[in-house]
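For what it's worth, this note's numbering labels the leading residue of the sequence shown as 8, then goes sequentially.
I have placed the structure first, in the form of structure tokens, so that the comments after it can refer back to it.
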Amino acid sequence: MRATLGLLEKVTLAPEGMGRAEIEAVRSAGVSDQAISDALHVCFCFNLIDRLADAFGWHVQTADEFGKDAKVLLKRGYQMIGPVRKRALAIR
């Protein structure tokens, strides 16, 4: 796990320094190619979302906002997504 996290840190903070040696180091720690690939895919997704959030100026909800959203989800679940999506598509 430590070797994989080190790889993810490097690919996030200093991708220009990535090379075959970094992958080999993780392999030599006993991590499979599939596990390395999975970890890199998850890392990519988080990095992309983080960069988009910064670029668009998105904000992290306050505890109060999270609480309100949680109450709605507990009451209605995710079923409300369908009708909202249909209305959004109809507006286009």
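All C-beta atoms, glycine included, are put in the ideal place defined by N, C-alpha and C.
Remember, predicted model here, so these are calculated numbers, not experimental data.
Buried or exposed for residue i, going by 16 or more other Cβ atoms inside 10 Å?
i     : result
Met59 : A quick correction: the sequence has Leu, not Met, at residue 59. Classification for Leu59: exposed.
Leu15 : buried
Val33 : buried
Quick one: grab the DSSP three-state call for residue i.
i      : result
Ala21  : coil
His48  : helix
Ser39  : coil
Gly13  : helix
Val102 : Here the chain has residues from 8 to 99 only, and residue 102 is not among them.
Among residues of its own chain, excluding the 5 on either side of residue i, which ones have a beta-carbon nearer than 7 Å to its beta-carbon?
i     : result
Val38 : Ala10 and Thr11
Ala36 : Ala10
Would you grab the beta carbon distance between residue i and residue j for me? Rounded to a whole angstrom, and I think it's under 8 Å.
i     : j     : result
Ile18 : Cys50 : The amino acid occupying residue 18 in the given sequence is Val; Ile does not appear at that position. Indeed they touch by this definition, with Cβ atoms about 6 Å apart.
Here's a check: name, in chain order, each residue in its chain whose Cβ is nearer than 8 Å to the Cβ of residue i, leaving out the five neighbours to either side.
i     : result
Ala42 : Thr11
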